[in-house]
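A short worksheet on the structure shown next.
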Amino acid sequence: MLHFDRGIHQFQYGFDGEQVATFSEATYSFGQAKSSWLVGMNIYSDRFNESHDSNSDRSYEQFTAGVFVQQNTQLSEDWSLETGLRLDQSKDYGLQTLPRLSVMYKAHPKLTFRMGGGLGYKLPTIFTEETERLSFRGLQSFNLNNLDAEQSYGGNFDINYKTAIGDEWTFSLNQLFYYTQLNDPVVLTGPTVGGAYAFQNANGDLSSKGLETNMKLTYQDFKLFLNYALIDTELGYNNELQKPLTAKHNIGAVLVYEEHGKWRIGLESYYTGKQFRSDYTETDDYWIVGFMALRKFKNISLYLNFENFSDTRQSRFENINLSNAINPEALEVWAPMDGFIMNGGIILEF
-9 MLHFDRGIHQ FQYGFDGEQV ATFSEATYSF GQAKSSWLVG MNIYSDRFNE SHDSNSDRSY
51 EQFTAGVFVQ QNTQLSEDWS LETGLRLDQS KDYGLQTLPR LSVMYKAHPK LTFRMGGGLG
111 YKLPTIFTEE TERLSFRGLQ SFNLNNLDAE QSYGGNFDIN YKTAIGDEWT FSLNQLFYYT
171 QLNDPVVLTG PTVGGAYAFQ NANGDLSSKG LETNMKLTYQ DFKLFLNYAL IDTELGYNNE
231 LQKPLTAKHN IGAVLVYEEH GKWRIGLESY YTGKQFRSDY TETDDYWIVG FMALRKFKNI
291 SLYLNFENFS DTRQSRFENI NLSNAINPEA LEVWAPMDGF IMNGGIILEF
């Protein structure tokens, strides 16, 4: 069970409420190594009660009960198959039927291919990135239970390769390709003349396609991790434009030196490409660089962490003007806000 006391207090405005979410699951597995089964059931609930002092009541309650079955089969020495089916019954959104399928082929001891796909869904809620940014000011949610649940389908294909180079080097690569389409996306509309916002199902879909490349190279006590992600997310209901605040290009690089039982030192850097704001003006791209060192002794470890020591923050790229402290304007966050952070500590082992 998760319990949240939510509260926002601004000049002549407040948002208060209590949210309680629960999740329960029971499973039973049987079968053999070459053909195994997993069956189960689960119950999920989410209830939010807004304070009666609020101008408008955005309270809601969701209850979902589901059953599922999963079957894994080793078809041969090289082929394996995984299938599954989930049935979820929601209080206000009806029955959701969610099949999925995954096939893996081991072409070589060093090389495997995997392909899969399935269906999914998400129930509407008032807690989204956009409403959080607005502090829920002006939000109308009277029609929440009349909306359709978001429906998705998608597939992925990935390649895994791992090999040794000589006696001291190893190399591994994971290449992933994916596509997902979201039907009936729930979007926030407004503001009206009176400053009101409301949810509705968009007249179109949202599609996300791309790839992710992960490489790992090791030499003795050194490890180098490289990552590249292409995220092409288009709003079919908004002239096929890229989804705001979603960078299309992301890069990561981490170099680690680890001497077992003694040292762990890491240098990391991350690149985030240009993004669009909600008004489709373009942001800057940026890098974040960090450093961490840990020295381990017998029963004690000392560590020091320099997070974002390049001091990259949004205020270095644009003038952050929130109007005034009494009635601040909503801010679209697309880069770090807190800049350089240094911390350290002691770890005791007994």
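Each residue of the sequence shown is one higher than the last, beginning at -9 in my numbering. Even for Gly, the Cβ is constructed at its ideal location relative to N, Cα and C. Nothing here was measured: the structure is a model prediction, and the numbers come from that model.
So, for E51: in the same chain, excluding its five sequence neighbours on each side, which residues have a beta-carbon less than 6 angstroms away from its beta-carbon?
R37
Between the alpha carbons of L220 and N164, how many angstroms are there, rounded?
14 angstroms
What span of residues does the alpha helix (DSSP H) with E272 cover, start to end?
Taken as a continuous stretch (DSSP letters only), E272 belongs to no alpha helix (DSSP H), as it is neither H nor E.
Would you report the Cα separation of F5 and S125, rounded to the nearest angstrom?
8 angstroms
Who are D(-5)'s beta bridge partners in DSSP?
DSSP, once it has assigned bridges, lists E8 as partnering D(-5).
C-beta contact flag for G145 and G110 at 9 angstroms
No; because the gap between Cβ atoms is not below 9 angstroms, this pair is not in contact.
The alpha helix (DSSP H) spanning E119 covers which residue range?
119 to 123
Once DSSP output is grouped into helix, strand and coil, what is the label at N229?
coil
Measure the Cβ-Cβ separation of D195 and G226 and say whether it is below 9 angstroms.
yes
Taking the Cβ atom as the reference point for each residue, do T160 and T170 lie within a distance shorter than 9 angstroms?
no
Residue from K112, R127, Y95, L88 with nearest C-alpha to F1:
R127
Tell whether a beta-carbon distance below 9 angstroms holds between W253 and K199.
no
Whose C-beta lies closer than 6 angstroms to the C-beta of I255 among residues of the same chain, with five residues either side of it excluded?
Y247, A283
Would V59 pass as a contact of L75 if the rule is Cβ separation under 9 angstroms?
In contact: V59 and L75 (Cβ atoms closer than 9 angstroms).
Could you tell me if Y276 is buried or exposed, where buried requires 16 or more neighbouring beta carbons within 10 angstroms of its beta carbon?
Buried.
K238: which of D222, V244, E249 sits nearest, CA to CA?
D222
Closest by C-alpha distance to Y168, when choosing among V176, A23, I149, P181
I149
Locate the beta strand (DSSP E) running through L65, then write down its first and last residues.
Counting along the chain, L65 falls outside any beta strand (DSSP E), and DSSP gives it neither H nor E.
Buried versus exposed, by CB contacts within 10 Å (16 or more), D157
Its Cβ having fewer than 16 others within 10 Å, D157 is exposed.
Taking a contact to mean a Cβ-Cβ separation below 9 angstroms, would you say F330 touches S300 in this structure?
yes
Could you tell me if F189 is buried or exposed, where buried requires 16 or more neighbouring beta carbons within 10 angstroms of its beta carbon?
By the C-beta density criterion, F189 is buried, having at least 16 other C-beta atoms within 10 angstroms.
For the beta strand (DSSP E) holding G263, just list the boundary residues, first then last.
Counting along the chain, G263 falls outside any beta strand (DSSP E), and DSSP gives it neither H nor E.
For N193, three-class secondary structure by DSSP:
coil
For N295, which of L321, Q304, S305, G280 has the nearest alpha-carbon?
G280
Select from N191, L245, F215, S259 the residue whose C-alpha is nearest the C-alpha of N228.
N191
Could you pull the DSSP bridge partners for S35 from this structure?
T12, F53
Is any heavy atom in the ligand FMN found nearer than 8 angstroms to the beta carbon of L124?
Questions concerning the ligand FMN fall outside what the structure shown contains, since it holds no ligand whatsoever.
Please say whether F266 and E272 have beta carbons closer to each other than 9 angstroms?
In contact: E272 and F266 (Cβ atoms closer than 9 angstroms).
What do you get for I116, buried or exposed, if any count of 16 or more other CB atoms within 10 angstroms of its CB means buried?
Classified as buried, I116 has 16 or more neighbouring CB atoms from the shown chains inside 10 Å of its CB.
Determine the contact status of L113 and S80, defining contact as a CB-CB distance below 9 angstroms.
In this structure, S80 lies closer than 9 angstroms to L113 by Cβ.
Which residues DSSP lists as bridging Y276, in chain order
Per DSSP, T262.
Excluding sequence positions up to five away, which residues of its chain have a Cβ less than 8 angstroms from the Cβ of M332?
L294, N295, F296, E297, F299
Cβ shell of N289 (< 8 angstroms), same chain only, five flanking positions each side left out:
Non-local beta-carbon contacts of N289 in its own chain, meaning distances under 8 angstroms to residues more than five positions away in sequence, involve L338, E339, F340 in chain order.
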